[in-house]
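Chemist: So in my numbering, spot 125 of the sequence shown is number 761, and the numbers just go up one at a time.
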Amino acid sequence: MTDENKRENIREEINRANNLLDAADYLSAGGFYNDAVSRLYYYLFYHFRALLLSEDLEPKTHEGISRLVGIRFVKPGILAAKTSRVFSRLMKYREEADCNPAFLFSEDEYLELREEAVEVGDAVRRYLKEKGYL
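Dropping the structure here:
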């Protein structure tokens, strides 16, 4: 993959992530908090895919993405330790929101999770900008 192709792929992942944050906000405004939380997970998922593409890594599983971000970016201190915790929590909550009808999120819970997800997404984009990918 050429450097320009890599930059384009990274931009596409970030654009997809941003669209998912918009979708989460739209769903939340309609009171669909479980669906909104699920979109927050994918908002970070695509940020992490972009991050890993910057290192020429393309894991095949959600767990692989989480593991590689921890090894390559959190452990060396490039991103805060909170990064992995937020993603892991959203991964768990997405599964609950999608598969467990008794599990219901409130507006306050959504807003708290959104704030954390956006903070992590901002950190990822800052790093990618510093490296010249955005």
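All C-beta atoms, glycine included, are put in the ideal place defined by N, C-alpha and C.
1) Keeping to the same chain, check which residues put their C-beta closer than 7 Å to that of G757; ignore five residues upstream and five downstream.
2) So what does DSSP say about Y769, is it helix, strand or coil?
3) Please report how far the alpha carbon of N736 lies from the alpha carbon of G706, in whole angstroms.
4) Alpha carbons only, please: which of D639, G667, E691, R721 is nearest the one belonging to A753?
5) Quick check on S742: buried or exposed, where buried means 16 or more other Cβ atoms within 10 Å of its Cβ?
6) Whole angstroms is fine: what's the gap from K696's alpha carbon to E648's?
7) According to the neighbour-count rule (16 or more other Cβ atoms, all chains shown, within 10 Å of its Cβ), is Y769 buried or exposed?
Modeler: Reading it off the structure:
1) Taking the first residue of the sequence shown as 1, we reach residue 757 at position 121. Take G757, set aside five residues on each side of it, and the residues of its chain with a beta-carbon closer than 7 Å to its own are A653, Y679, L680, H683, in chain order.
2) Here residue 769 refers to the residue found at position 133 of the sequence shown. DSSP places Y769 in coil when its eight states are reduced to three.
3) As a first step, residue 736 is located in the sequence shown; it is residue number 100 there, counting from the start. As a first step, residue 706 is located in the sequence shown; it is residue number 70 there, counting from the start. One C-alpha to the other measures close to 28 Å.
4) As a working note, residue 753 is residue 117 in the sequence shown. Of the candidates D639, G667, E691, R721, the one whose C-alpha sits nearest the C-alpha of A753 is R721.
5) By one-based count along the sequence shown, residue 742 stands at place 106. Exposed: under 16 other Cβ atoms inside 10 Å.
6) Mapped onto the sequence shown, residue 696 falls at position 60. Mapped onto the sequence shown, residue 648 falls at position 12. Cα to Cα, K696 sits roughly 18 Å from E648.
7) Sequence index remark: in the sequence shown, residue 769 carries index 133 (1-based). Buried.
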